[in-house]
Every structure is written in C-alpha cells, then in structure tokens.
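Worksheet: the structure to be examined is printed underneath.
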Amino acid sequence: MDLYQLLKEINMKISIKISILIFFVLIGIKSYSQQKPLYTQYYNNFNLINPAYSGSNGHLTTTANVRSQWSGEKGSPKTQTFSLHGTAGKNVGVGLSVVHDEVFIWNNTEIFADFSYSLQVTETATLAFGIKAGGSFLNVNLQEIGINDDPNLSENINQFNPNIGTGILYYTDKFYASLSTVNILETEHYDGNSSISTASDNMVYYLSAGYVLDLGKDFKLRPSFLVRAVNGSPLSTDISGSILWKNRFEIGVAHRLNESISGLFQIRVNNNIKIGYSYDSIINNLNNYNNGSHEISLVFDIGVNGKFVTKKRTPLFW
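This note's numbering numbers the first residue of the sequence shown as 730 and each following residue consecutively.
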C-alpha cells in the first residue's frame, strides 16, 4: 500500500468517525432539548414551571441561577437563568424569565413573560391562574465541528420559535399544589436544508406539591415532589425533603428517581437575600463519565418602597 492509499484510508476512517459523532451529538441535543432544564432548586425559579406563581409572594422577587451538569466534561450542559416576578395591582401578578442553555455546539435562549390572576377562595387559601408567552432562539454552531465539504453541516442554524404555557396554583401558608404545562406549541427544529432534525420543543407537563410541618418552635420539615412529563421522553420524578431552622437555614436531600441524589443548602442572609447551593451525584450509567452537577441560586426579595414585606410563607418561599 503506497502513501497516498494509506492517507486516503485514514481520511475515510476519520470521516466515518466524525459522521458517527455528529449523529450522536444531534440525537443527544434533541433528547436534551426535549427535557427542558432540570433544576434541583426548582422552588427558587417556580415561575419557570408555572406562570400562576408570579406575584404570589406579594412583593418583587428576582432570581439568578447557574447550573453546570456533568462537571468536568467538555461541552457538557450548562444553564444560566434570570427571572423576576411581582404584583401589578390587586390580584394580578407579572413575571419575566430568561433561560440560556448550552450543550456542545447547541445554544438555546428562551425569553418568556408571565401573567397571573389570583382568587382568595378562603381566608387562608388562594387559587391562582397563569399564562406565559414568549419564544426560544436556537443556534447550532455546526462550523465549530470543522466540516466544510458537506453542505448540510457547513452553515450554522439560527431559528426562533414562539411558544406559550399555562398553569394553576393552589396554596396556603402550609401547603401548595401546582399543575402546569409549557411548550404548548410543539415545534421541530431543522437545519437550513430541512434534512437534519436538530432539536424539538415538545409539550412539558408539571405536577408538584409540598407541605410545611412544624417540628417545634424553631424547626420545620418541608417535603415536596415534582413530576415532569415530556412527550417522547421518560417520566422524571423529583422527591425532596429539607429541614428549616428559624426560617433562616435549610439543609436537605433530593432524589431524582433512577437518575441522581442531591444535597442542598440554603441560607437567608437577611430579609432580602437568600443564597442556595446544591450538588447532584449521578446514580445511573453516566456516573463513570462525569463528576456530578453544581447549582447556585441567588434570590433578592424587594417589597414596597424597597423594604421586605412578608405576606405568606408557603412551602414555596420562606
């Protein structure tokens, strides 16, 4: 075999490997996008899940969240989130959220506005209805792969897709129940030649509930769960429990069935600032390929005239 034939064979093998890599990357991207971001501290960004939550705490709340999944792996999923919500008149709440996801060559930014309306059904119970509207900006940087001889993979993909969501929330000072759905307008993302399906926005359903149990003067137990159902994907269930001390410190554990075990800690620095951290340890077959996931939240509560106002301490906010 002469040098030319050898180089040709090596080049062919490399091309095959790259094609296989691209195939699995695109399949992986599609699966990841169907799931939506998975938050261990979902209660700090609950208006992302249910727009009916917007304005429910009676003051302005802003939240910044950073999540890094599969730490230590190049191109692993990363999520940055900013959200705010508050009251806008009697029984009316509004909110805004921005979520940016990255995984390998795939980038997606979602911007949504929320509106909610609340009804006082009893002296201690509230029923809220909400709707969210916005869209996602998808970018797939195919040029980063470095394949220029394939027209299907030589140009980046940039798309915008509008979407809506809705939800209902019932809560008291001790209990909450939530039912919601996002991505009602299911869409499929394709490359510029409509030959490769790069991602899809599938409808996502959320069911969640939580309770606060007094364990004496200073301690409270806060169990909760979140069920996430996505068309075409396995059911995801989070079960968590935490202990609150003097409504200032929280420590707990969470279990995402068949996926991960998490430890979490939160501290309310003062009446306006809360900081949370959680670490997820993978328990499925991926545990040999990553070092877990880290998540950090920073929450600011601002009341009337810049002062903190306590309206109701439900299991969702304390």
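Heads up, the beta-carbon is just placed ideally off N, CA and C, and yes, glycines get one too.
| Query | Result |
| --- | --- |
| What's the call for residue 748, buried or exposed, on a 16-neighbour Cβ count within 10 Å? | Confidence at residue 748 is low in this model, with a pLDDT of 49, below 50, so the placement of that residue is unreliable and no value is reported for it. |
| I need the straight-line Cα distance from residue 891 to residue 987, nearest angstrom please. | 33 Å |
| Touch check for the segment 903 to 913 and the segment 931 to 943: three-plus C-beta pairs under 8 Å? | yes |
| My output table needs one value for residue 854: the three-state DSSP class, helix, strand or coil. | coil |
| I need the boundaries of the beta strand (DSSP E) containing residue 948, first residue and last residue. | 948 to 959 |
| Mind checking whether residue 847 and residue 814 have CB atoms under 8 Å apart? | no |
| With H, G and I counted as helix, E and B as strand and the rest as coil, what does DSSP make of residue 775? | helix |
| Could you compute how far the alpha carbon of residue 956 sits from the alpha carbon of residue 861? | 20 Å |
| Could you give the distance in angstroms between the alpha-carbon of residue 940 and the alpha-carbon of residue 969? | 11 Å |
| May I ask you to report which of helix, strand or coil DSSP gives residue 1000? | coil |
| For residue 964, which beta-bridge partners are listed by DSSP? | Looking at the DSSP assignment, residue 964 forms no beta bridge with any residue, so it has no partner. |
| Please classify residue 983: does DSSP put it in a helix, a strand, or coil? | strand |
| Just to confirm my understanding: we take residue 850, look at its own chain, exclude 5 residues before and 5 after, and list those with CB closer than 7 Å. What are they? | 856 |
| Taking the continuous beta strand (DSSP E) assigned at residue 889, which residues delimit it? | 886 to 900 |
| Terminal residues of the continuous beta strand (DSSP E) containing residue 939? | 933 to 940 |
| My output table needs one value for residue 817: the three-state DSSP class, helix, strand or coil. | coil |
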